[in-house]
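>
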Amino acid sequence: MANQVSVPSLAIPATCDVLVVGSGNAGFTAAISAVQAGAKHVLLIDKCPESWAGGNTYFTAGAYRTTHDGLPDLISIVNNVDKEVAENIELQPYTEADFHVDLAKVCGGRSDSHLANILVSDSHDTIKWLARQGIRFQLSFNRQSYEVDGKIKFWGGLSLKTEDGGKGLIADFRKAALSHDIKTLWNTSLADIVLPRRHGDDITAAVRRDGIVNVVKTRAIVLAAGGFESNSRMRSRFLGSDWAMAMVRGTPFNTGDCLEMAVSSLHAQPYGDWAGCHAVAWDANANPETGDRGASNEFTKSGYPLGLMVNVEGRRFVDEGADLRNYTYALYGRAILGQPEQCAFQVWDAQVSSMLRWEEYRAERVERITSDSIEGLAAKCASRGLRNRDSFIRTIQEYNQAVYANRKEHSSRPQIFDPAVRDGLSTFSSSKHVEPPKTNWALPLDKGPFLAVKVTCGITFTFGGLKVVPETAQVVRSRNGAPIPGVYCCGEMLGGLFYANYPGGSGLTSGAVFGRRAGRAAAQAARTPQEYRSDTWKL
Numbered sequence: 001m002a003n004q005v006s007v008p009s010l011a012i013p014a015t016c017d018v019l020v021v022g023s024g025n026a027g028f029t030a031a032i033s034a035v036q037a038g039a040k041h042v043l044l045i046d047k048c049p050e051s052w053a054g055g056n057t058y059f060t061a062g063a064y065r066t067t068h069d070g071l072p073d074l075i076s077i078v079n080n081v082d083k084e085v086a087e088n089i090e091l092q093p094y095t096e097a098d099f100h101v102d103l104a105k106v107c108g109g110r111s112d113s114h115l116a117n118i119l120v121s122d123s124h125d126t127i128k129w130l131a132r133q134g135i136r137f138q139l140s141f142n143r144q145s146y147e148v149d150g151k152i153k154f155w156g157g158l159s160l161k162t163e164d165g166g167k168g169l170i171a172d173f174r175k176a177a178l179s180h181d182i183k184t185l186w187n188t189s190l191a192d193i194v195l196p197r198r199h200g201d202d203i204t205a206a207v208r209r210d211g212i213v214n215v216v217k218t219r220a221i222v223l224a225a226g227g228f229e230s231n232s233r234m235r236s237r238f239l240g241s242d243w244a245m246a247m248v249r250g251t252p253f254n255t256g257d258c259l260e261m262a263v264s265s266l267h268a269q270p271y272g273d274w275a276g277c278h279a280v281a282w283d284a285n286a287n288p289e290t291g292d293r294g295a296s297n298e299f300t301k302s303g304y305p306l307g308l309m310v311n312v313e314g315r316r317f318v319d320e321g322a323d324l325r326n327y328t329y330a331l332y333g334r335a336i337l338g339q340p341e342q343c344a345f346q347v348w349d350a351q352v353s354s355m356l357r358w359e360e361y362r363a364e365r366v367e368r369i370t371s372d373s374i375e376g377l378a379a380k381c382a383s384r385g386l387r388n389r390d391s392f393i394r395t396i397q398e399y400n401q402a403v404y405a406n407r408k409e410h411s412s413r414p415q416i417f418d419p420a421v422r423d424g425l426s427t428f429s430s431s432k433h434v435e436p437p438k439t440n441w442a443l444p445l446d447k448g449p450f451l452a453v454k455v456t457c458g459i460t461f462t463f464g465g466l467k468v469v470p471e472t473a474q475v476v477r478s479r480n481g482a483p484i485p486g487v488y489c490c491g492e493m494l495g496g497l498f499y500a501n502y503p504g505g506s507g508l509t510s511g512a513v514f515g516r517r518a519g520r521a522a523a524q525a526a527r528t529p530q531e532y533r534s535d536t537w538k539l
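The sequence shown begins at 1 in my numbering and counts up one residue at a time.
Following this line, the structure appears as structure tokens:
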């Protein structure tokens, strides 16, 4: 792992103030927040080996969605912008109203309004807080901007990422955890939670390492152990039987154990979209069972708005230009899963192929299928699973005719291709119709050489989680809605924010916003008048 910080193996302590379960963005945020709020002995555990530290966070691009007042508001926390570059950047403010509109639009207005208000209102302060902890932020030039007329134009309400993506983010978190004297144990899973019989007594956490179960007495516990995206049984049960075929984008250790434990042992209330998930176009040649720690997020194939997606029967099945990629990419993995053989081909011509992200589409990362003609491309795709070459060719020809008809009908309108905005260049006209249409960025595919890559569905994280008190992220009981003393959750385990889809970058922001609140609340719950068992902490 890049910049990996090695932590000596520790014995399992008998007690701690706050126990955090999970080593991703939410877990580390909660642990650091707890220390800063006064917890003296914070223990973070993860069932994965140290070589898999970071959960799904390690596999992200490190994008955080946050409100801001424009470029001057972000310059102070990024490390990749100098004065000369700044003069060529166009970065509009992203207001709380903008964030709320985006969340409501992509989630169908179903997000818990209280959770949504906190996510949006806390996002800016939380990002600045993360920067103070040593998280290295950058402007996301490679993922969220295009150069148009000499200007670097950011788009989609998303401009911040971490240096070296998820890899760099986890390296930074581990350094911050060391500086806060947070004890971290690997290969250590949460086996059970027993709540105290009397108010003020400890929570009993059973933790398992190397097949041996140890008891840890704790004042508070923060559950940040991820969703169930790596568990094919749970995917089939809650998402549908087709989801057993989805490829796992990230860690193989997010198997829903803690979610099931919270519901069965603590009677926690399930909440949110348990039939929904984040899933993207993913390299069809990737390992289906687990993400690749080297390639990480680079198996994502997010260039479809610049071209077309065609299934193995040679037919299009989504509006590739329905919206900016940030608002459709987490949804279109599901669409690919619904196609024959759960696969499709992304296709471009020479006009746009140079605009594809290098890290996702370079020859070292993906099989690039190329030809000087559409007919030749169809023949090569046929050797890789395309069933109907004639339909493939006809689909592209009919799409091109629809684009030409639109241009002819709207010849007086400026025909400026701008991938940083919804440009309105479409397939709509009175004389020609294709289904589905392409609403924006509809250029004809008529200039060789042509490029295709084969993609499938890669699942990122699940949306179903637990209901919490929004202000503190304290888990509530299903029976009466009362808060469960000393139990908190954040990250993928928190339900109620995302439904069917999500705005790109808001997952990491949610984990940090509610992780920070959970850590503070857990530290407050852990406070007692006397020094809390310091003799058992020194190992």
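Ideal Cβ positions, reconstructed from N, Cα and C, are used throughout, including at glycine.
Can you give the Cα-Cα distance for Val347 and Glu313, rounded to whole angstroms?
Computed Cα separation, rounded: 14 Å.
> Among the residues of its own chain, which have a CB less than 8 Å from the CB of Ala176, if the five just before and after it don't count?
Phe28, Ile32, Gln133, Gly134, Ile135, listed in sequence order.
> Thinking just about the alpha-carbon of each residue, which of Met245, Pro270, Gly226, Ala262 is nearest to the one in Thr255?
When only C-alpha atoms are compared, the closest one is Gly226.
> What would DSSP say about Trp282, mapped onto helix, strand or coil?
In this structure, Trp282 counts as strand in the three-state DSSP scheme.
> Using the C-alpha atoms, what's the distance from Gly108 back to Asp273?
Roughly 12 Å between the two C-alpha positions.
> Specify, as a first and last residue, the run of the alpha helix (DSSP H) that Pro485 falls within.
Pro485 -> not in any alpha helix (DSSP H); beta strand (DSSP E) instead, spanning 483 to 489.
> Buried or exposed, going by whether 16 or more other CB atoms sit within 10 Å of the CB of Gly200?
With fewer than 16 other Cβ atoms within 10 Å, it is exposed.
> Rounded to a whole number of angstroms, what is the C-alpha to C-alpha distance between Tyr399 and Leu308?
Each residue's alpha carbon lies about 9 Å from the other.
> Measure the C-alpha to C-alpha separation of Gln401 and Arg316 and round it to an integer number of angstroms.
C-alpha separation (whole angstroms): 15 Å.
> Nearest CA to the CA of Pro470: which residue from Phe514, Asp283, Lys217?
If we check each option's Cα against that of Pro470, Phe514 comes out closest.
> Can you look up Leu43 in the DSSP assignment and give me helix, strand or coil?
Leu43: strand per DSSP, three-state reduction.
> Let me check one thing: in DSSP terms, what residues is Gly189 bridge-paired to?
It is worth fixing the name first, because residue 189 is Ser in this sequence and not Gly. Looking at the DSSP assignment, Ser189 forms a beta bridge with Arg208.
> Just the C-alpha distance for Ala244 and Gly333, rounded to the nearest angstrom, thanks.
Between Ala244 and Gly333, the C-alpha separation is close to 14 Å.
> For Gly496 and Glu96, I'd like the C-alpha separation in whole angstroms.
C-alpha separation (whole angstroms): 19 Å.
> Whose CA, out of Ala262, Glu229, Ser113, Asp423, lies closest to the CA of Trp155?
If we check each option's Cα against that of Trp155, Asp423 comes out closest.
> So Ser506 is in the alpha helix (DSSP H); what residue range does that whole segment cover?
Here the alpha helix (DSSP H) through Ser506 covers 506 to 526.
> For Trp441, does the count of other Cβ atoms within 10 angstroms reach 16, so buried, or fall short, so exposed?
Trp441 should be labelled buried.
> Should Asn3 be labelled buried (16 or more other beta-carbon atoms within 10 Å of its own) or exposed?
Confidence is the limiting factor: at Asn3 the pLDDT is only 47, short of 50, which leaves the residue's position unreliable and the question unanswerable from this model.
> Give the range of the beta strand (DSSP E) segment to which Lys161 is assigned.
Element bounds for Lys161: 160 to 162.
> Specify whether the stretch 315 to 329 and the stretch 363 to 380 touch according to this definition: at least 3 beta carbon pairs, one from each stretch, less than 8 Å apart.
Counting Cβ pairs under 8 Å, fewer than three are found: no touch.
> Out of curiosity, what's the CA-to-CA distance linking Val207 and Thr188?
C-alpha separation (whole angstroms): 6 Å.
> Within this structure, are the beta carbons of Ser140 and Leu74 separated by less than 8 Å?
No, Cβ-Cβ distance for Ser140 and Leu74 is not below 8 Å.
> In three-state DSSP terms, what is Gly22?
Note: Gly22 maps to coil in three-state DSSP.
> Taking Phe253 and Trp52 to be in contact with their CB atoms under 8 Å, please state how far apart those CB atoms are, rounded to whole angstroms.
At roughly 6 Å, the Cβ-Cβ gap stays under 8 Å, so Phe253 and Trp52 are in contact.
> Go through the stretch 192 to 247 residue by residue and report every complete run of the beta strand (DSSP E) that reaches 3 residues or more, in order.
DSSP runs (the beta strand (DSSP E)) wholly in the stretch 192 to 247: 203 to 209, 212 to 223.
> Compute the Euclidean distance between the alpha carbons of Thr427 and Asn406, then round it to the nearest angstrom.
Straight-line Cα distance between these residues: approximately 6 Å.
> If we count the other Cβ atoms within 10 Å of its Cβ and call it buried at 16 or more, is Asp112 buried or exposed?
Looking at its Cβ environment, which holds 16 or more other Cβ atoms inside 10 Å, Asp112 is buried.
> What does the alpha-carbon distance come out to for the pair Val540 and His278?
Because the chain spans 1 through 539 in this model, residue 540 falls outside it and cannot be assessed.
> Can you give me the C-alpha to C-alpha distance between Cys16 and Val216, rounded to a whole angstrom?
So the two alpha carbons sit approximately 7 Å from each other.
> Does the count of Cβ pairs from the stretch 469 to 484 and the stretch 515 to 527 closer than 8 Å reach three?
Touching, yes.
> Work out the CA separation of Ile203 and Leu10 for me, nearest whole Å.
Each residue's Cα considered, the two are about 21 Å apart.
> Measure the Cβ-Cβ separation of Glu90 and Lys183 and say whether it is below 8 Å.
No, the pair does not count as a contact, with Cβ atoms beyond the cut-off.
> Between Gly511 and Cys490, which are expected to be in contact by the criterion C-beta below 8 Å, what is the C-beta distance as a whole number of angstroms?
Correct: roughly 6 Å between the Cβ atoms.
> Of the residues Glu87, Leu445, Pro270, Leu337, which one's Cα is nearest the Cα of Arg477?
Closest by alpha carbon: Pro270.
> Which complete alpha helix (DSSP H) runs does the stretch 424 to 455 hold, if anything under 4 residues is left out?
Fully enclosed alpha helix (DSSP H) runs of 4 or longer: not present.
> Compute the distance between the beta-carbons of Ile127 and Tyr64, then report whether it is under 8 Å.
For Ile127 and Tyr64, yes; Cβs fall inside 8 Å.
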